[in-house]
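Taking the numbering used here, I'd label the letters of the sequence shown as residues 5 to 432. Where is the CB? At the ideal position from N, CA and C, for every residue including glycine. For clarity, every value in this text was computed on a predicted model and none was experimentally measured. Structure first, then comments.
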Amino acid sequence: MTDKTATITLGDKSVESPILSGTVGPDVVDIRKFYGQTGAFTYDPGFTSTASCESKLTYIDGDEGVLLHRGYAIGELAEHSSFMEVAYLLLNGELPSADELKTFDNTITRHTMLHEQLATFYRGFRRDAHPMAIMCGVVGALSAFYHDSTDIQDPHQRMIASHRLIAKMPTIAAMAYKYSIGQPFIYPNNELSYTGNFLRMTFGVPAEEYEIVPAVERALDRIFILHADHEQNASTSTVRLAGSSGANPFACIAAGIACLWGPAHGGANEAALNMLREIGRPERIPEYIARAKDKDDPFRLMGFGHRVYKNYDPRATVMQKTVREVFAALKVSDPVFDVALQLEEMALSDDYFAEKKLFPNVDFYSGVILSAIGFPTTMFTALFALARTVGWVAQWNEMISDPAQKIGRPRQLYTGPAQRPYVPVDKR
Ligand code: CMC
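Now the structure itself:
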């Protein structure tokens, strides 16, 4: 809170609203009493100017291209930490000591198995089901299996549910993939790291040992770090909104997965790679840039632009570097990477993209890496969901513990008919 206030005048009425200041970032006008004082609502579709909550987790400065988790820059975390470390940081507020990390890692590892009966759920899906359809269903179904962690008023149960969700997500995602290709499910192996385990459950087969390539394990772990949390984005806001009614955490995360699936959000990495493959050759780039600029064409450059970043997405910088590392480790290349690099260069030197401040986002290069590792495009969003689960549960816990939290209930500007008399069917 500051001493500053904002005065809003509506007709002959003036109201003073307190101005709240965060640690960094724009001030916030507290309009909680605005309706009571004025009888008017505020209007902000897409929440472009509205802070929906107070949070200590993640800070983004979109103009400067800054992303901090609990104060630590994403570039530093991606370079020096592990996904488990970042998960601990987001959940607990501080980086873990070596012992704390060991204990946390051990706890997560010991929650990776799924109730055996959940395997039968998968068999109810068609083999060609999108992994995100399976993820929504199976994660929602966890609430039917883990009754001992659905009392949201009990902090201990909340933490167990959080650990379970983080731990089981790789198993659920890998099983979705295995089911789609008709291979047997692979159980988790407690000797492996979180990410190594996921690679083995995805690409291993019971008939032989699966060899983890350390550079690939590291690259995927870094991709998970880059996706761990991102402030009040659409899926996180969905999780918070679902949770605000008191819904159990498994149901809330299933809601987040459903929201993430959309092509404007988590589905963009799949769409971006599909677009790059469709472009195929650098000569065709101008045609696609022209289409992206054409107001009458709904086509957009996927992996470009962001609601918050009006500068280079710091996650895209790390992604671009990681592509090269994965290619070197696997001794592969992909012409689609050249298309991506040239498309980025041409778009960034084009006035349309400069004026609208459209830069590559995290999804522009992630698909190229995931594809090189061997993931089919349909798994990309599932991997995003796996990593974002950490942010979702951290934000959900923060919301439940916040005394200012209320059930989310936006208002509206009603433009339908005013009350009118019912007309019997024979008179219409
Ligand atoms: N290609 C061409 N034009 C674009 C693009 C694009 N990728 N993105 C925005 N624009 C234009 C848009 O047409 C609009 O032009 P005008 O002002 O003339 O109407 C202007 O830029 C502002 O766009 P907007 O849709 O009002 O901006 P927004 O903040 O509502 O949308 C966005 C942000 C991410 C949905 C949008 O940039 C987009 O659709 N990008 C492609 C999809 C994508 O890559 N999504 C991943 C986001 S990062 C991952 C995540 O955090 O989930």
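(request) Sort 425, 424, 404, 136 by Cα distance to residue 259 and report the nearest one. (result) The residue with the shortest Cα to Cα distance from residue 259 is 136.
(message) Does residue 398 pass the burial test, meaning 16 or more other C-beta atoms within 10 Å, or should it be called exposed?
(response) buried
(request) Can you tell me which of 61, 67, 16 puts its alpha carbon nearest to the alpha carbon of residue 30? (result) 67
(request) Work out the CA separation of residue 21 and residue 387 for me, nearest whole Å. (result) 42 Å
(request) Go through its chain and collect everything with a Cβ distance to residue 377's Cβ below 6 Å, but skip five positions before and after it. (result) 220
(request) Taking the CB atoms as reference points, tell me whether residue 202 and residue 178 lie closer together than 9 Å. (result) yes
(request) With a 10 Å radius around its C-beta and 16 neighbouring C-beta atoms as the bar for buried, classify residue 359 as buried or exposed. (result) exposed
(message) Please tell me whether residue 46 and residue 19 are closer than 9 Å, where the distance is taken between their beta carbons.
(response) no
(message) Closer than 6 Å between the C-beta and any heavy atom of the ligand CMC: which residues qualify, listed along the chain?
(response) For the ligand CMC, the selected residues are 234, 237, 268, 269, 270, 272, 296, 304, 305, 306, 307, 308, 309, 310, 311, 360, 362, 365, 366, 367.
(request) May I ask which residues mark the beginning and end of the alpha helix (DSSP H) holding residue 23? (result) Looking at the DSSP string, residue 23 is not in any alpha helix (DSSP H); the run it does join, the beta strand (DSSP E), is 17 to 24.
(request) Tell me whether the beta-carbon of residue 323 lies closer than 9 Å to the beta-carbon of residue 278. (result) no
(request) Compare the beta carbon distance of residue 210 and residue 185 with 9 Å and say whether it is the shorter of the two. (result) no
(request) Tell me whether the beta-carbon of residue 433 lies closer than 9 Å to the beta-carbon of residue 44. (result) Outside the displayed range of the chain (5 to 432) lies residue 433, so it cannot be described from this structure.
(message) The alpha helix (DSSP H) that contains residue 170, what's its start and end?
(response) From DSSP, the alpha helix (DSSP H) with residue 170 extends over 159 to 185.
(message) I'd like the list of long-range same chain contacts for residue 55, defined as Cβ closer than 6 Å, with 5 residues on each side in sequence excluded.
(response) 32
(message) I'd like to know whether the C-beta atoms of residue 342 and residue 331 end up nearer to each other than 9 Å.
(response) no
(request) Quick one: using the 10 Å Cβ neighbour count with 16 as the cut-off for buried, is residue 410 buried or exposed? (result) Per the 10 Å Cβ criterion, exposed.
(message) Can you give me the C-alpha to C-alpha distance between residue 394 and residue 94, rounded to a whole angstrom?
(response) 7 Å
(request) Could you check how far apart the C-beta atoms of residue 319 and residue 366 are, in whole angstroms? I think they sit under 8 Å. (result) 4 Å
(request) Using alpha carbons as the reference points, say which of 415, 129, 406 lies closest to residue 159. (result) 406
(request) Could you tell me which uninterrupted alpha helix (DSSP H) segments, each at least 4 residues in length, are contained entirely in the region 244 to 299, listed from first to last along the chain? (result) Within the region 244 to 299, the runs of alpha helix (DSSP H) that reach at least 4 residues and sit entirely inside it are, in chain order, 253 to 264, 272 to 283, 289 to 297.
(message) Using a Cβ-Cβ cutoff of less than 6 Å, which residues in the same chain neighbour residue 361 once the five nearest sequence positions on both sides are dropped?
(response) 314
(message) Just to confirm before moving on: does the CB-CB distance between residue 241 and residue 51 stay below 9 Å?
(response) yes
(request) Report yes or no: do the region 106 to 114 and the region 347 to 354 share at least 3 C-beta pairs separated by less than 8 Å? (result) no
(message) Assuming contact is defined by CB atoms lying nearer than 9 Å, are residue 156 and residue 247 in contact in what I supplied?
(response) yes
(request) Could you give the DSSP three-state label for residue 32: helix, strand or coil? (result) The answer is strand: DSSP assigns residue 32 an E or B state.
(request) Give the straight-line distance between the Cα atoms of residue 194 and residue 100, rounded to the nearest whole angstrom. (result) Straight through space, the alpha carbons of residue 100 and residue 194 are spaced by roughly 21 Å.
(request) Let me know the secondary structure DSSP gives residue 495 once reduced to three states. (result) In the structure as shown, the chain starts at 5 and stops at 432, and residue 495 therefore has no counterpart that could be examined.
(message) Check for me: the alpha helix (DSSP H) holding residue 3 runs from which residue to which?
(response) Residue 3 is absent from the model: the chain starts at 5 and stops at 432.
(request) Give the straight-line distance between the Cα atoms of residue 281 and residue 17, rounded to the nearest whole angstrom. (result) 58 Å
(message) Please classify residue 207 as buried or exposed, where buried requires at least 16 neighbouring CB atoms within 10 angstroms.
(response) buried
(message) Relative to the C-alpha of residue 114, which candidate in 233, 413, 60, 171 has its C-alpha closest?
(response) 171
(message) Do residue 254 and residue 336 count as a contact pair if the criterion is CB distance below 9 Å?
(response) Result no, Cβ atoms of residue 336 and residue 254 do not sit closer than 9 Å.
(request) Look at the Cβ atom of residue 317, then the Cβ atom of residue 267, and state whether they are nearer than 9 Å. (result) no
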